[in-house]
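Structure record follows, encoded as structure tokens.
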Amino acid sequence: MEDIKAQIETLLYEEAPDFEVSKLLKKDIKNYFGTLEESFANSSGKGFLVKHTRKIDSLIQMVYQVAMRSMFGTYMPMKSTLPITLVALGSYGREQLCVYSDIDLMIVYKEVPGYNTQEMIEKILYILWDAGLKLGHRVHEVGEIFEVAQTDITIKTSMIESRFIEGSKQLWSQTENELYRIRKDNQEAFIQAKIEEMKTLHKKYPMTMEPNLKEGVGGFRNANLVYWLGNILYNVDKIKNLDVHIVSKKEYDEFWKALEFLFKVRSALHLASGKKEDRLRLELIPPVAKYLGYENNHMKFSRKVISYLRTIKLHTTIWIDALTSCSSKETMLCPNTPDDSYLELLRELSTAPTEKFPVHPSFLKALNFSKRSTNVEDEIYEILLKIFQHPQSHLILSTLIDTKLLGYTIPYMKKIVNLPQFDGYHQYAVGIHSVKCIEALENIQDKRVAILYNKLSQKEKTFIKVITLIHDAGKGRKRDHSEVGTVLFKGFSKRLNFSKEEARIGKNLILYHTLMSTTAQREDLHSEKVILKFSSHFPTQKELNFIYMLTYADMNGVGVTSIYNDFNSRLINNLYLQSTLAISNVKLLQETTKRVKKEKKLKQLESFKSFSKSLQTKVLNISSDLFFIKNTPQRIISITQKAQQLKDYEFVITNNKYLTIEILRKNNLDLSYLLHKLSNLNIVQMDIYKLFSGIKYFRIDFDGTVDEGDHIHLNEIIKDALEKVHTFKLEKPKIDIKDIHIDCQHSKEHAMLQLQCHDQKGLISYFINIFDKRRVDISSAKIHTKMNKINDLFLIEKNGNFCNNTKEIIKELTEI
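Plus 111 on top of the position in the sequence shown (first one is 1) and you've got this note's numbering.
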């Protein structure tokens, strides 16, 4: 600082023009800003702001001196006699000036002939502007300050925070008299306007994952309002100087710890962004966290920000009411006595009418200071049930969040109350999101969902509210949050005395709570396989209704603006309606349920995880349920690996106790010919599955073996069947029309043909031959022979070649 003063002194001695002084100041400011990161690392939150404020003070003081020397030279008057005073306003006046915030400067003067005050003021401003300082300035004659303050509440507010920087102390005394008048003028209107202003700002900037540290909920504006009120009502210059009946030491210490941390965050936010920035945007969290020593723990940093914003909101809400008594005790819930225990206060909350919310600040204070045990008492769970029975229980849960008691009251949520969510989808921390979901559930706007909710019994409403609140409680762990959530719910449900059936349904809903929204928005709802797979997780109408309501609540609690819109609500409703029909088809649903369980085991295998994502998808999209039901996960892996490497065809012959032929082929297989050539052997079982990429898998089990000498011939027969299409005459079997059952309504995608009759030589070969001639595509087949009777089942793709020709096919099979 001394060096810059000496250089300026040299320039003044040499009578250098003002812009040379500005250039020197600009260079000094640039150098100073280059030292801010080091200064920040070695300062406290408020200490850094004070240090920065005083640096700006010194620059403005130098400019004042330069202007004086430039104007008056060696005839420079004493500062107190020159009727000009430089005053800091706003955050600059409070000594809380952040790095890139505007420097709010007020120049007060008194018009005295002969002093050329206007020219002096212009010189000060021009030097400051040329030096590159970001000024927000006002120039007023001392006699007009009071009148100007009455024109705008923002101007009045900034003047309340005035601080002397430089100039005439005599004029400053006159200015202070005017400022005193401003503070005392129309206080009630000012207080009401500032409270309404804060409410408006809180609606505009709620406590999201990207909080506005200045004007949002729990931000600096909350703290500033307490200061403004204390200043105009009690003439205090610091919040901690308010009467202990308003601000106790314990409260202030908690408040100051939070405010000090947020001072650091805001300074780091300016440094990281290189500009004035009040919103802690997601992309700025990593660099800001690094400045504060949380480089490797962004989650912990963000959780701390949210927690401290809550602390400031809680204490300032209580103090503002204590200062103003602006909250109505008649219309808001107040504690019966200030010394009620926590359980007593919780009981009062559980039975309070909806119109009594939000609760009176005195109730918040009573909750905050209430007597409570270290660990939650068993008795609390009875009260929790009453809370969930409240028609608007989200109001009670929000009160517990505001007093930082939700995690204490419901220990199963302790880890997630302030847990950030960096998924780019959720706009709230987990705790707020969960309560917002309850609010959406209790105030359903979609009539289709509302009808279902309104039909629920009180017990069922309580049940779905508990599920909705706890559905994301498993977040923040290494394991999948849905799986952890089921464990937490299991413990919670026991405490709430839920039945085994309620516990089972609840765990299932939590485990698959995202399934309905993802299926509706990402899957083909025209696919029967998709519908059946989804429905298998919710096989009863009650469970289906519950997941519909939970999905609605979850999507509506995501952010400030609901992502549940007309488009996706129609998709979800379509899935719901189709699933309602699907669960009535018990047999299909049971098969799909078995398949889903097998798929789950398959996904856990490391060998499956090693497949590419596209191959995993292909396997899981194989249409045949039987393929999954009949084969072990390891067997499915083996078949998939062979199919993935297949060039044209591959076959394996096993000839131990029984003959088994397995074939994978991409193109042709003349199955009718193959079976015809092997008609001397009895087929015990045959499976046909359509896999992926046009590949089919065949497995044929016979009741006997072939001689070793026939192996070569058998290989030739199979190759011949794979490489050619043959024309040959088959003997027609004897089939009665009553032996054939065809169901073209089996499912949306498949027709079914079932054949039950006496086994006959060449029967299956003949059957397949007719299908091949008519280009009937077998998606899956199960051929089973026992005690000379066959029970064959074919699932046939609905491509028009089968269902449109059933009469002709039956005629070919049965007529002699």
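We put the CB at the ideal spot given by N, CA and C, even for glycine.
Are the region 896–912 and the region 861–881 touching by the rule of at least three beta carbon pairs closer than 8 Å? Yes: the two stretches touch, three or more of their Cβ pairs being nearer than 8 Å.
CA nearest to the CA of alanine 300, picked from Leu825, Thr435, Glu388: Thr435
Proximity of threonine 514 and leucine 457 at Cβ, strictly below 8 Å: no
Enumerate, from N- to C-terminal direction, the unbroken alpha helix (DSSP H) stretches of 4 or more residues contained entirely within the region 680–758. Taking only runs of at least 4 residues, the alpha helix (DSSP H) segments lying wholly in the region 680–758 are 697–715, 717–720, 724–731, 736–741, 744–756.
According to DSSP, phenylalanine 913 sits in a beta bridge with which residue or residues? DSSP output for phenylalanine 913 lists no bridge partner at all.
What separation, rounded to the nearest whole angstrom, lies between the Cα atoms of glutamate 490 and phenylalanine 645? Glutamate 490 and phenylalanine 645 have their C-alpha atoms roughly 39 Å apart.
Using a 10 Å radius around the Cβ and a threshold of 16 neighbouring Cβ atoms, would you call isoleucine 740 buried or exposed? exposed
Segment limits, alpha helix (DSSP H) that includes lysine 141: 129–145
Cβ neighbours of glutamate 131 in the same chain (closer than 7 Å, five flanking residues each side left out): Around glutamate 131: Leu122.
How is the beta strand (DSSP E) around glutamate 455 delimited, first residue to last? Note, glutamate 455: premise wrong, no beta strand (DSSP E); alpha helix (DSSP H) at 453–462.
List the residues that DSSP assigns as beta-bridge partners of glutamate 493. DSSP, once it has assigned bridges, lists no residue as partnering glutamate 493.
Euclidean distance between Cα positions of leucine 782 and histidine 895: 17 Å
Output the distance between the C-alpha atoms of arginine 588 and lysine 525, rounded to the nearest integer angstrom. 13 Å
Residue burial classification, aspartate 665 (beta-carbon count within 10 angstroms, cutoff 16): Classification of aspartate 665: buried, given that the 10 Å Cβ count is 16 or more.
For isoleucine 774, the residue or residues it bridges with in DSSP: The partner list for isoleucine 774 (beta bridge, DSSP) reads Phe762, Phe809.
For aspartate 903, the residue or residues it bridges with in DSSP: Leu866
Kindly indicate the opening and closing residues of the alpha helix (DSSP H) around alanine 383. 360–384
If lysine 108 sits next to phenylalanine 600, beta carbons under 8 Å apart, how far is it from one beta carbon to the other, in whole angstroms? Summary: the structure shown does not reach residue 108, with the chain confined to residues 112 through 927, and so no result is reported for it.
For glutamate 908, which residues of its own chain have a beta-carbon under 6 Å away from its beta-carbon, when the five flanking residues on both sides are left out? So the list reads Asp888, Ser890, once near-sequence residues are dropped.
Beta-carbon spacing of glycine 243, lysine 415 below 8 Å: no
On the criterion of 16 or more Cβ atoms from any shown chain inside 10 Å, does arginine 590 qualify as buried, or is it exposed? exposed
Could you tell me whether the region 620–633 touches the region 676–692, using the rule of 3 or more Cβ pairs below 8 Å? yes
Let me know if arginine 706 comes out buried or exposed under the rule of 16 or more other beta-carbons within 10 Å of its beta-carbon. Of the other Cβ atoms in all chains shown, 16 or more fall within 10 Å of the Cβ of arginine 706; this residue is therefore buried.
Considering only residues of the same chain and omitting the five flanking positions on each side of leucine 874, which have a CB-CB separation below 6 Å? Pro844
Counting only runs of 3+ residues fully inside the region 210–241, write out the beta strand (DSSP E) ranges in chain order. 214–220
Reducing DSSP to helix, strand and coil, say where glutamine 796 ends up. strand
What does histidine 852 pair with, by DSSP beta-bridge criteria? Gln865
For leucine 246, which residues does DSSP report across the bridge? Ile214
Got a sec? Which residues, its chain only, sit under 7 Å from phenylalanine 882 by beta carbon, not counting five neighbours each side? Ile889
Taking only three categories from DSSP, how would you classify threonine 196? strand
Residues sharing a beta bridge with histidine 313, DSSP: Histidine 313 is not bridged to any residue.
Enumerate in chain order the residues of its own chain whose CB-to-CB distance from serine 461 is below 6 Å, with the five nearest sequence positions on each side excluded. Ile494, Lys497, Ile498
Within its chain, find whatever has a CB closer than 8 Å to the CB of aspartate 812; leave out the 5 residues flanking it on each side and keep chain order. Around aspartate 812: Tyr769, Leu770, Thr771, Ile794, Val795, Gln796, Met797.
Would you call tryptophan 283 buried or exposed, if buried means 16 or more other Cβ atoms sit within 10 Å of its Cβ? buried
So what does alanine 892 bridge to, in DSSP terms? Ile799, Phe905
By alpha-carbon positions, which one of His861, Asn767, Tyr402 ends up nearest to valine 817? Asn767
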